[in-house]
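Novice: Protein chains in written order, with the numbering used here: chain A, 11 to 317; chain B, 2 to 364; chain C, 19 to 335. Even for Gly, the Cβ is constructed at its ideal location relative to N, Cα and C. First, the structure itself, so that you have it in front of you.
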């Protein structure tokens, strides 16, 4: 088990390396540079040369890459071209906001999705079931910014309950968190329901009933334990999805998180920020994928206890 | 003294989109205390559904026990309220299921799965239950029971798992155990061990057994009486010895004839029963076996025969066939000789061959 | 005495199998048609298709030309606000262009963006996945490593990076940015399909009918096209059904962020992007394209779910 984990962790490194390489290549291949943002007043050539020298952009491309990667190992992510600040500062400021948003959304999603999925499976074809199926469909289908539009129209402009944009007070946090949680909740509810339905159909449920156990004991003691395994394994990727997917919500609601910064840096071709954030996101995704197998190993005795 | 179990005119049906499936269509039988009854039939004949009905384990939609009574120990199971039925399950009646891999919960230890019933019905506390669990595992011949009691089902082999299921069924000393194809999912060599175990346990604890299987070989050595089921009804019932020596219903003949035998010549073809089981939603109007029966006559497709005693056979031997009833055309048939059983024909050929070479006929 | 064929004949004689039997695909189609939500979805999609094709005939005004005396930010007629203009049923945007016409023409973008890249993704992905799965070896290994890397990128952000990097290039300006979007979606998407196909092929490869085909001398190409592909088709169809809305959503999000379709060509995402700064003053300019996106997405989801239920009998919930 430990050996497997270590092997997977080591595999992460070449994966991240290639991610960096591809991102770097794309950023470099893109025409235009961060310096010509103002087409009416292009900077003078010597200014450009000076900037290029400062940022090391005048060196050959592969040298730039090597230089960049060695710095990364020293945890130096360079200086943002657009903001003129160390990238680590920018990330350090934005990431906690995104993390807070993501964690809030995750808890909300779990709190809603798990009970909903379980009840919906137990009360198939009733109002609750159809309601939760509808919720799951809508939540996973309608894109978050579209949801956000509807929400803002009803709650912010219409009922005037929440401010439209911004971050800081609890009221500001409600809409972004709810909308971000929506997609995850819908997805998790769907999986929980499917998993419960699958588990309840198994033979061992019949065996449990044949022993005279009350239905409640059967569901909680036998079915839930099995049904929650697939759900638990999916929480890791869901969390990663929330963190890496918050950029739309952040852009929409002007939340000062790393996602919004990421979008800005891509649009402005601010390489240092693009590289650093991409690596950060890729790291989360790879860890989340690894967590799936690990959680499975921890929860399912068939995998945990080797023969 | 009344029997331990008296099932009278049981009807269990499943209500599906395509129609009502009459899975158990009027079944009546009895099991005395300590007795082993075999229920034999093809897949889909209703034998498993009968067993599940006895414990009211039929899933309520889409299934329903629509008629009949099940008197267990003097009480009608079908009239009990839910709590009482649960009190019986695992306690007075227990069930052993066909596939031990899927019938055991993979994420719970077998200690937990066996102790559950003990704690629930016998009100044992955890340590008592654990002790008893280990005793039970030893009883079913699981080696190193003390060490293995906290293992998970997947850590056992198929035969071991079935033993665990048997231990689970025995745990509260039930008066009746329903064994639904207990050896079908196992290797042939393990089958023998498990059947032996069941036989010994039946004898030692005087537990009544209902052994459900499609395998006639299994019931031959294990049961005192046999019910042959077809299309949801019992079509022949007799003591075990009587059934094998003197089967009277064409379906039973078909079953016996279709067993491949080791002493058969390799050129002999397998003899299946032609045709397919009837559609249980829209069964044929007369005898349900009539479409596949080689001995049928007109009356067979018109009306369904009752289960009646066969004239000339032992007292408890009954069959559901027009041909075997009073004055019927099959009453005196010796199925082996008459029907052109290939093996018997071989035997006869050999008998007569040896007569002509060394002896004069008639001497 | 009796053989298998005799039994069959007898069964036929006896008419024991009373109920009709359908072919696999016929059965699936039948079940799909019984799914009301899926049928509704199909109708909506077909309508959207028609609207897209007939756009020039249906739209009352030009979607991109700014009128002479623009009446900008008009509300839809049924709101009853004082900012309405009887000429414009659903109002106008900030430049005075008719929203109805823009919505109609925007459907073209969505339909094209949905189906074209999906076709490319599947053509490429299935071919590569099948080859990798069938032949194995180094090709398979390379493909697996490659997909691992692509998977490490969050889907949409990869799309964003590609599009943002090249949108200022000449290539990025083809078809008002549509070509770049197609290519980007294709690059991001084909990997998943390849992986799925490969998985299917690996599972099917070991089945007896492949061995049988091989023993008769079928060439690899024949095995792949006539044997493996039809059997692997079901999950691929379902994936395709969900890939289309995913592509549409990708374009909408890109346009919303300002890096998608190049204005003044309308797309629903683009309309949201343009209308958003004036949301509180002119909400319907944003709400209407949002509704369009929602309806189309929901329709595809219903169809996709319906296909999944119809093609996989085991997954009845």
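1. Taking 8 angstroms as the CB-CB limit, is residue 285 of chain C close to chain A?
2. Can you name the residues that DSSP bridges to residue 6 of chain B?
3. Using a Cβ-Cβ cut-off of 8 angstroms, state whether residue 311 of chain A counts as contacting chain B.
4. Can you give the Cα-Cα distance for residue 68 of chain B and residue 11 of chain B, rounded to whole angstroms?
5. What are the boundary residues of the beta strand (DSSP E) that residue 37 of chain B is part of?
6. Residue 32 of chain B CB to nearest chain A CB: under 8 angstroms?
7. Can you check the stretch 245-283 of chain C for any alpha helix (DSSP H) of at least 4 residues that lies completely inside it and give the ranges in chain order?
8. Quick check: the stretch 124-144 of chain B against the stretch 173-189 of chain B, are at least 3 beta-carbon pairs closer than 8 angstroms?
9. From this set, A:311, A:303, A:312, which residue's C-alpha is nearest residue 16 of chain A's C-alpha?
10. Within the same chain, show all residues whose beta-carbon is closer than 6 angstroms to that of residue 253 of chain B, passing over the 5 residues directly before and after it, in chain order.
11. Whole-angstrom Cβ separation of residue 311 of chain B and residue 293 of chain B, contact assumed at under 8 angstroms?
12. How is the beta strand (DSSP E) around residue 78 of chain B delimited, first residue to last?
13. Only counting the same chain, and skipping five residues up and downstream in sequence, which positions put a Cβ closer than 6 angstroms to that of residue 261 of chain A?
14. Would you give the residue range spanned by the alpha helix (DSSP H) that residue 173 of chain C belongs to?
15. Are the C-beta of residue 171 of chain C and some C-beta of chain A separated by less than 8 angstroms?
16. Give me the Cα-Cα distance between residue 193 of chain A and residue 234 of chain C, rounded to the nearest whole angstrom.
17. So the alpha helix (DSSP H) residue 137 of chain B belongs to, where does it begin and stop?
18. Residues bridged to residue 96 of chain A by DSSP?
19. Could you tell me whether the stretch 145-163 of chain C touches the stretch 215-231 of chain C, using the rule of 3 or more Cβ pairs below 8 angstroms?
20. If you drop the 5 nearest sequence neighbours on each side, which residues of the same chain put their C-beta closer than 7 angstroms to that of residue 282 of chain A?
21. What separation, rounded to the nearest whole angstrom, lies between the Cα atoms of residue 362 of chain B and residue 321 of chain B?
22. Nearest by alpha-carbon distance to residue 139 of chain B: which of B:234, B:319, B:315, B:164 is it?
23. Hey, how far is the Cα of residue 260 of chain B from the Cα of residue 187 of chain B?
24. Excluding the five sequence neighbours on either side, which residues of its own chain have a C-beta within less than 6 angstroms of the C-beta of residue 284 of chain C, listed in chain order?
25. By a C-beta neighbour count over all protein chains shown, 10 Å radius and 16 as the cutoff for buried, is residue 207 of chain B buried or exposed?
26. Under the three-state reduction of DSSP, which class applies to residue 65 of chain B: helix, strand or coil?
27. Going along chain C in order, which residues have a C-beta closer than 9 angstroms to the C-beta of residue 209 of chain A?
28. Under 8 angstroms Cβ to Cβ from residue 69 of chain C, same chain only, skipping five residues before and after it: list those, please.
29. Are the C-beta of residue 228 of chain A and some C-beta of chain C separated by less than 8 angstroms?
30. Since residue 303 of chain B and residue 287 of chain B should fall inside the 8 angstroms C-beta cutoff, what is the C-beta to C-beta distance between them, to a whole number of angstroms?
31. Taking contact to mean at least 3 C-beta pairs separated by less than 8 angstroms, is the stretch 194-208 of chain A in contact with the stretch 227-242 of chain A?
32. Does residue 306 of chain A get closer than 8 angstroms to chain B when you measure Cβ to Cβ?
33. Quick check on the DSSP output: the alpha helix (DSSP H) that includes residue 420 of chain C runs from which residue to which?
34. Would a check of beta-carbon distances place residue 185 of chain B closer than 8 angstroms to chain A?
35. Which chain C residues are close to residue 28 of chain A, counting only those with a beta carbon under 7 angstroms from its beta carbon?
36. Taking the alpha-carbon positions, what's the residue 318 of chain A to residue 300 of chain A distance?
Specialist: This is what the structure gives:
1. no
2. B:32, B:73
3. yes
4. 6 angstroms
5. 37-41
6. no
7. 247-275
8. no
9. A:303
10. 229, 237
11. Residue 311 of chain B to residue 293 of chain B, Cβ: 21 angstroms. No contact.
12. No beta strand (DSSP E) holds residue 78 of chain B; DSSP gives it neither H nor E.
13. 270, 273
14. 173-184
15. yes
16. 51 angstroms
17. 127-140
18. A:89
19. yes
20. 87, 88, 89, 90, 91, 97
21. Note that residue 362 of chain B scores 44 on pLDDT, short of 50, meaning its location in the model is unreliable; the coordinates nonetheless yield the value given after this. When rounded, the distance between both Cα atoms is 41 angstroms.
22. B:164
23. 19 angstroms
24. 81, 120, 123, 124
25. exposed
26. strand
27. None at all; the shortest Cβ gap to chain C is about 13 angstroms.
28. 76, 122, 125
29. no
30. 5 angstroms
31. yes
32. no
33. In this structure chain C extends from 19 to 335, so residue 420 of chain C is not present and cannot be described.
34. no
35. 167
36. Outside the shown range of chain A, which is 11 to 317, sits residue 318 of chain A, and nothing can be said about it.
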